[in-house]
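Participant: Okay, handing you the structure first.
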Amino acid sequence: MPRQPCAVPDPLDHARRLIADARSVVVLTGAGISAESGIPTFRGGMDALWKDFDPATLATPEAFARDPATVSRWYDWRRQKCREAIPNPGHLALAALERALEARAGRFTLLTQNVDRLHHRAGSSNVVELHGTIMHWRCSASGREIELPDGPLPTYPFPSPHCAGSLARPDVVWFGEPLPSAAVHAAQGAVADCDLFISIGTSSVVYPAAAFIHEAAAHGAATIEINRDATPISSVVDVSIRGRAGEVLPQILNPVPN
Ligand code: BV8
């Protein structure tokens with residue numbers, strides 16, 4: 363009798379089983395989950411308009427100090443893209459997962475690197491914005507929040523109404539800036555407690571966000587990656603699913619097991 367090859371579970375079935383058994387889930391999302399809502403990813407090419415600019419060099423305090431008009435225009439263009447975008451089935455599936463876990467007295471934390479607020483608009487509630495939000499701007503001197511017009515800003519850079527001579531800046535975390543301590547604290551607490559960590563739509567190259575999945579695995583959490591392209595974690599997670607978040611998440615989360 364020829365030996366039956368040990369069956370390698372279908373990744374989608376494996377993911378479904380891990381989710382059904384999970385008690386405490388942490389999800390980390392990146393720009394890829396908002397791509398199907400029409401928001402350009404961070405490293406996937408912003409748009410013909412900005413093709414000559416490298417986002418990683420624009421998303422720095424140095425760039426803002428050197429050329430506040432260009433940086434302000436870029437962020438306000440992205441803010442408009444975020445306002446026009448609507449949550450896609452990937453965002454909605456994660457909101458449904460949170461409700462299903464709550465219904466079975468489980469725990470759910472959504473860590474996002476995204477600044478677009480689409481998870482909130484999709485109905486997710488326990489959302490930790492690791493890199494802030496583009497939908498709020500603050501005074502570059504006092505840090506006070508600045509009311510913005512819904513439409514494009516009238517001038518770039520946009521003067522702060524709070525401190526003479528200061529500018530409005532997006533309330534995001536730039537490279538070289540520390541993440542909000544409350545967000546880091548919330549993330550570390552959730553990661554320490556989770557038994558399942560799901561990474562979705564991120565190139566897994568930006569720290570400290572990219573470290574969380576390794577911390578979760580180190581204390582025994584199962585790990586799943588859902589991403590269009592391979593990343594540095596694809597070969598180390600328990601389940602690696604290559605695909606679009608808006609297509610894969612509804613397949614593994616609906617109906618969400620209570
Ligand atoms: C800090 C906000 C210290 C602004 C962003 C080790 C430890 C700590 C720091 C470092 C470290 N090593 C290096 C650093 C420095 C740096 C860093 O990580 N550099 C990297 C590039 C090497 N980190 C920092 O500077 C951080 N600060 O550590 O401060 C400190 C402490 C005390 C005092 C002073 C300082 C701050 C990092 C945050 C920077 N801000 N964004 C803005 O948005 O403009 S990061 C930026 O990258 C975006 O937020 C983005 O979310 C993030 C990660 O990118 P992704 O989301 O992954 O997007 P990307 O385009 O790369 O990938 C998309 C993926 O989706 C792709 O893989 C693609 O295949 C996939 N995809 C596409 N479509 C789909 C899809 N997947 C599924 N479905 C689809 N449809």
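Using the working numbering, the letters of the sequence shown correspond one by one to residues 363 to 620. Glycine included, each C-beta is placed from N, C-alpha and C at the ideal position.
1) How many Å lie between Gly400 and Pro449 at the Cα?
2) I'd like to confirm something about Ala530: is its beta-carbon nearer than 6 angstroms to some heavy atom of the ligand BV8, or not?
3) For Arg385, name the three-state secondary structure that DSSP assigns.
4) Going by C-alpha to C-alpha distance, which of Ala431, Trp439, Gly608, Arg604 sits closest to Pro373?
5) Locate the beta strand (DSSP E) running through Ile496, then write down its first and last residues.
6) If we ignore side chains and look at the alpha-carbon of each, how far apart do Arg435 and Trp536 end up?
7) Taking the alpha-carbon positions, what's the Ser561 to Ala526 distance?
8) Assuming Arg590 and Gly394 are in contact, meaning their beta carbons sit under 8 angstroms apart, how far apart are those beta carbons, in whole angstroms?
9) Assuming Ala484 is part of the alpha helix (DSSP H), what are its boundary residues?
10) Determine the extent of the beta strand (DSSP E) in which Arg604 is found, giving its start and end residues.
11) Using alpha carbons as the reference points, say which of Asn616, Val477, Leu611 lies closest to Asp438.
12) With 16 other CB atoms within 10 Å as the buried threshold, where does Ser565 fall?
Facilitator: If we stick to the structure as given:
1) The count along the sequence shown starts at 1 and reaches residue 400 at position 38. The count along the sequence shown starts at 1 and reaches residue 449 at position 87. Between Gly400 and Pro449, the C-alpha separation is close to 10 angstroms.
2) Numbered from its first residue, the sequence shown carries residue 530 at position 168. No.
3) Stepping through the sequence shown from its first residue, residue 385 is reached at position 23. Coil.
4) Taking the first residue of the sequence shown as position 1, residue 373 is located at position 11. It is Arg604 whose Cα lies nearest to the Cα of Pro373.
5) The sequence position of residue 496 within the sequence shown is 134, counting from 1. Taken as a continuous stretch (DSSP letters only), the beta strand (DSSP E) holding Ile496 covers 494-501.
6) Sequence index remark: in the sequence shown, residue 435 carries index 73 (1-based). Sequence index remark: in the sequence shown, residue 536 carries index 174 (1-based). When rounded, the distance between both Cα atoms is 16 angstroms.
7) In the sequence shown, the residue the question calls residue 561 occupies position 199. In the sequence shown, the residue the question calls residue 526 occupies position 164. When rounded, the distance between both Cα atoms is 43 angstroms.
8) Against the sequence shown, residue 590 aligns to sequence position 228. Against the sequence shown, residue 394 aligns to sequence position 32. At roughly 6 angstroms, the Cβ-Cβ gap stays under 8 angstroms, so Arg590 and Gly394 are in contact.
9) Against the sequence shown, residue 484 aligns to sequence position 122. From DSSP, the alpha helix (DSSP H) with Ala484 extends over 480-484.
10) Along the sequence shown, one-based indexing puts residue 604 at 242. Looking at the DSSP string, the run of the beta strand (DSSP E) that includes Arg604 is 601-604.
11) Here residue 438 is taken as the residue at index 76 of the sequence shown, counted from 1. Comparing Cα positions, the closest option is Val477.
12) The count along the sequence shown starts at 1 and reaches residue 565 at position 203. Burial call: buried.
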